[in-house]
Amino acid sequence: MSADTSILWRRLDVPGHDAATLLDRPNGLELRGMAVFQEEAVATALDYRVRCDSQWRTTEGTVDGWQGTRSVELRLRRDSSGGWTLNGVRCPEVQGCVDLDLSFTPATNLLPLRRLDLSVGQRAEVRSAWLQWPAGILTPLVQRYARRSVAEYEYEADLPGTTRFAGVLRVEPRGWVLDYASLWTAEART
Numbered sequence: 235m236s237a238d239t240s241i242l243w244r245r246l247d248v249p250g251h252d253a254a255t256l257l258d259r260p261n262g263l264e265l266r267g268m269a270v271f272q273e274e275a276v277a278t279a280l281d282y283r284v285r286c287d288s289q290w291r292t293t294e295g296t297v298d299g300w301q302g303t304r305s306v307e308l309r310l311r312r313d314s315s316g317g318w319t320l321n322g323v324r325c326p327e328v329q330g331c332v333d334l335d336l337s338f339t340p341a342t343n344l345l346p347l348r349r350l351d352l353s354v355g356q357r358a359e360v361r362s363a364w365l366q367w368p369a370g371i372l373t374p375l376v377q378r379y380a381r382r383s384v385a386e387y388e389y390e391a392d393l394p395g396t397t398r399f400a401g402v403l404r405v406e407p408r409g410w411v412l413d414y415a416s417l418w419t420a421e422a423r424t
């Protein structure tokens, strides 16, 4: 995927939007976005950035903004041995995870979709470092992608506890998710 690509989503479960862009950088890629939505009846605005190496492996991420009157400043890093930190505190439970998944946006699904590069009929399971919102904690998230067609994936995620999320992700050729089950739909893209 080349630089200067962007997308705007509308959230379907609560009032909200998310706009994201993907930029080529000298040593990899940078996913940047801004999510504005209602969470637990409170206005929320989050500016996020995820940097990846040239193989689509997350190296770092940031989330800045606010929820109501609470400021948000989160710094996430993955080191060369696969260890993660959140605001400088080690998170051993996500050791070895390659992808960062931000729970408040569909944008971060682009990263494993591009990295896995599945052909129609193929499936893969990944373990991501999942930033749960609004808790602001990093936990492991097992995700399964099965490519049903050029434009669709079956998606499952084992959420904490015994909950499983399942739905269909409709995607465009560059990997942006156009429709994310009953949670998001794309309104504009370049």
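At position 44 of the sequence shown (counting the first as 1) the number is 278 in this note's numbering, and the numbers step up by one without a gap.
Beta carbons are placed, not taken as given, at the ideal position from N, Cα and C, and that holds for glycine.
### Query
Using DSSP with H/G/I as helix, E/B as strand and the rest coil, what is Val-248?
Residue state, collapsed to three classes: coil.
### Task
Could you spell out where the alpha helix (DSSP H) holding Arg-357 opens and where it closes?
No alpha helix (DSSP H) holds Arg-357; the beta strand (DSSP E) holding it covers 357-366.
### Query
Are the Cβ atoms of Gly-302 and Val-284 separated by less than 8 angstroms?
Cβ atoms of Gly-302 and Val-284: not closer than 8 angstroms.
### Task
Please name the residue, chosen from Val-360, Pro-249 and Phe-338, that lies closest to Thr-389 on a Cα-to-Cα basis.
Note that residue 389 is Tyr in the sequence shown here, rather than Thr. In terms of CA proximity to Tyr-389, Val-360 leads the group Val-360, Pro-249 and Phe-338.
### Message
One question on the structure: do Leu-242 and Ala-369 come within less than 8 angstroms of each other, judged by their Cβ atoms?
### Response
For the pair Leu-242 and Ala-369, the CB atoms are not nearer than the 8 angstroms cut-off.
### Task
Rounded to whole angstroms, what's the CA-CA distance from Arg-304 to Thr-278? Just pull it up for me.
Arg-304 and Thr-278: Cα-Cα distance of roughly 9 angstroms.
### Query
Can you list, in chain order, the residues of its chain whose CB lies under 6 angstroms from that of Arg-244, leaving out five sequence neighbours each side?
So the list reads His-251, Thr-419 and Glu-421, once near-sequence residues are dropped.
### Query
Can you check whether the CB of Gly-355 is closer than 8 angstroms to the CB of Arg-381?
Yes, they are a contact pair.
### Message
Less than 6 angstroms between C-beta atoms, sequence neighbours within five positions excluded: which residues of the same chain meet that for Trp-318?
### Response
Cβ neighbours of Trp-318 beyond the five flanking positions: Arg-312, Cys-325, Val-328 and Ala-363.
### Task
Can you grab the Cα-Cα spacing for the pair Arg-240 / Arg-408, in whole Å?
The amino acid occupying residue 240 in the given sequence is Ser; Arg does not appear at that position. Their backbone Cα atoms lie some 11 angstroms apart in a straight line.
### Message
Looking at the secondary structure, which residues open and close the beta strand (DSSP E) in which Pro-374 lies?
### Response
Counting along the chain, the beta strand (DSSP E) containing Pro-374 begins and ends at 371-383.
### Span separating the alpha-carbon of Leu-393 from that of Gly-330
The alpha-carbon of Leu-393 is positioned some 18 angstroms away from that of Gly-330.
### Query
Below 8 angstroms between beta carbons: does that hold for Asn-321 and Leu-403?
No.
### Task
Taking the CB atoms as reference points, tell me whether Thr-339 and Ala-415 lie closer together than 8 angstroms.
Remark: C-beta atoms of Thr-339 and Ala-415 do not approach each other more closely than 8 angstroms.
### Query
How should Val-276 be labelled, buried or exposed, when 16 other C-beta atoms within 10 angstroms of its C-beta is the threshold for buried?
Around the beta-carbon of Val-276, fewer than 16 other beta-carbon atoms lie within 10 Å, marking it exposed.
### Task
Pull up the distance between the alpha-carbon of Val-405 and that of Gln-366, whole angstroms please.
Cα-Cα distance, rounded: 23 angstroms.
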